[in-house]
Amino acid sequence: MNQTQTSNLSISIAETLHVGRPNIGSYQRFLSLVEDIFERRWFSNNGKLVNELEFLLSEYLEVKHCILVCNGTMGLQLATKALELTGEVIVPAFTFIATVHALQWMGLKPIFVDVDPLTHTLDPDKIISLINENTSGIIGVHLWGNPCATEKIESIAKIYDLKVIYDAAHAFSCRHQTKMIGNFGDCEVFSFHATKFFQTFEGGAITTNNDQLAQKIRLMKNFGFQGLDNVIELGINGKMTEIQAAMGLACFESLEEIVKINRRNYEYYRQHLEEITGIRFFNYDKIAQTNFQYIIAVVDAKTAGLTRDELVQILQDCNIRARRYFYPGCHRSAPYRTLYPEQITNLPNTDFLCERVMVLPTGQSVSVRDIDVICQIIKQSLQN
Ligand code: T4K
1 MNQTQTSNLS ISIAETLHVG RPNIGSYQRF LSLVEDIFER RWFSNNGKLV
51 NELEFLLSEY LEVKHCILVC NGTMGLQLAT KALELTGEVI VPAFTFIATV
101 HALQWMGLKP IFVDVDPLTH TLDPDKIISL INENTSGIIG VHLWGNPCAT
151 EKIESIAKIY DLKVIYDAAH AFSCRHQTKM IGNFGDCEVF SFHATKFFQT
201 FEGGAITTNN DQLAQKIRLM KNFGFQGLDN VIELGINGKM TEIQAAMGLA
251 CFESLEEIVK INRRNYEYYR QHLEEITGIR FFNYDKIAQT NFQYIIAVVD
301 AKTAGLTRDE LVQILQDCNI RARRYFYPGC HRSAPYRTLY PEQITNLPNT
351 DFLCERVMVL PTGQSVSVRD IDVICQIIKQ SLQN
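Here the sequence shown is numbered in the UniProt record's numbering, starting from 1 and rising by one per residue.
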């Protein structure tokens, strides 16, 4: 479909709708916490609000340790460093570029593993053939909040003595069977970026049930300081500020309300999109608990009559910023396509999804009326 056909659509939307528009907790609560920060003149370095939020989150996630950090990417870097990963690390290429950048930045070689075309997460049956004497770990990504096949991944890791980190950037407030995400692998890393279900402007957390690992990460995120002037580890600045924690505390109070809105939007999209030929709506039926933060449609050009890219363009022309997450895949992005050209062609399911997945706007700033319009545009476009 071209631009002229797009303009034939009879409906549009006045204000741009974005994927990733922040969900916000109580503004008043945030302001009163900020006042408190100013009165106490304590802005960073393990402040009161950071401590309070760590306590609340570890209780909520039913995990022993929750260590807040300045962002999810730093969380991944701290986790790989603290676990002393070396050489090669197995990781999906169907993820946000930060998962892989964190490894490369630490001097580790990402070894791309294909994903399952239905769950969009790492396919555990493809891991073993990638393991060699240089492999030190596996990073699974709970994409769209969909938990990885943790049992299989961790049993392979045990046999080959590999560390396991989960990138749980999308999976705050999700549960895998009986356990909250945050309790799997050696540790898990959350992102609390503004676009996430639970956000602190920028921010993230590492969670673990391993006391020693938690202590090491706490030291490392504060330059390796133990006490005032005693440095006992190689460290970095991974600290979260008090302002970030204030946003987190304000948002934490509204979690239920936010998930309710996300769920309403998800059900509404589902009602409309499941019946459309050419669109496969990604449902969360098999997940014990989820945050419904991502509305995923897989567009099949053959049956839909137009490609995912054409549909995204139509939506963008109508002020709806649908996204092609995570096109073209990490393996086809710089610097990996040049560094590891031999890894480009082994990922058929990743390529399949990179060409077809479209993410639609949801969250507090999207109403059911907006969803009606979005779905009508999709329906009309596929019929043209
Ligand atoms: N692992 C995974 C699987 C991840 O998805 C991410 C981050 C990470 C690791 C790393 O965690 P962090 O280091 O970021 O904590 C966005 C986010 O920047 C990124 O955090 C996120 N994943 C990724 C999925 O999405 P972009 O490049 O799509 O961002 P951008 O600037 O296009 O923003 C998305 C949309 O959100 C825009 O249409 C506008 C809207 N927006 C954004 C911001 C920041 C707002 O309306 N208000 C805002 O304040 O990466």
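We put the CB at the ideal spot given by N, CA and C, even for glycine.
Worksheet item: Would Q28 be called buried (16 or more neighbouring beta carbons within 10 Å of its own) or exposed?
Response: exposed
Practice prompt. Put Q3 into one of helix, strand or coil per three-state DSSP.
Written response: Note that Q3 scores a pLDDT of 41, beneath 50, so its modelled location is shaky and nothing firm can be said.
Worksheet entry | H101 in three-state terms, based on DSSP | helix
Practice prompt. Flag H272 as yes when its Cβ comes closer than 7 Å to any non-hydrogen atom of the ligand T4K, and as no otherwise.
Written response: no
Worksheet entry | Rounded Cβ spacing between S77 and A102 (contact assumed at less than 8 Å) | Correcting the residue type first, residue 77 is Gln in the shown sequence and not Ser. Rounded, the Cβ-Cβ distance is 5 Å, consistent with contact.
Worksheet entry | Inter-residue Cα distance where the pair is residue 403 and V69 | Any answer about residue 403 is impossible in this case: the structure gives the chain only from 1 up to 384.
Worksheet entry | Proximity test, D285 beta-carbon vs the ligand T4K heavy atom, cut-off 7 Å | no
Discussion item. With H, G and I counted as helix, E and B as strand and the rest as coil, what does DSSP make of S381?
Written reply: helix
Worksheet entry | Inter-residue CB distance, I139 and I165 (contact presumed, cutoff 8 Å) | 5 Å
Worksheet item: If we call anything under 8 Å between Cβ atoms a contact, is D186 one with L83?
Response: yes
Item to complete: Let me know if K163 comes out buried or exposed under the rule of 16 or more other beta-carbons within 10 Å of its beta-carbon.
Response: buried
Worksheet entry | Rounded distance between the beta-carbons of R323 and H331, thought under 8 Å | With a Cβ gap of about 19 Å, H331 and R323 do not count as contacting.
Practice prompt. Answer yes or no: do L382 and L306 have a C-beta to C-beta separation smaller than 8 Å?
Written response: yes
Practice prompt. Compute the Euclidean distance between the alpha carbons of residue 454 and I377, then round it to the nearest angstrom.
Written response: Given that the chain is displayed from residue 1 to residue 384, the structure contains no residue 454 and the question cannot be resolved.
Fill in: Bridge partner(s) assigned by DSSP for D167
V141 and V189
Worksheet item: Can the beta-carbon of A205 be found closer than 8 Å to that of F223?
Response: no
Item to complete: Name the residue from Q293, M220, F112 and F201 whose alpha carbon lies nearest to the alpha carbon of Y340.
Response: F112
Discussion item. Contact between the segment 215-233 and the segment 252-271 is defined here as three or more beta-carbon pairs at a separation below 8 Å; is this criterion met?
Written reply: no
Practice prompt. Taking the CB atoms as reference points, tell me whether V368 and N183 lie closer together than 8 Å.
Written response: no
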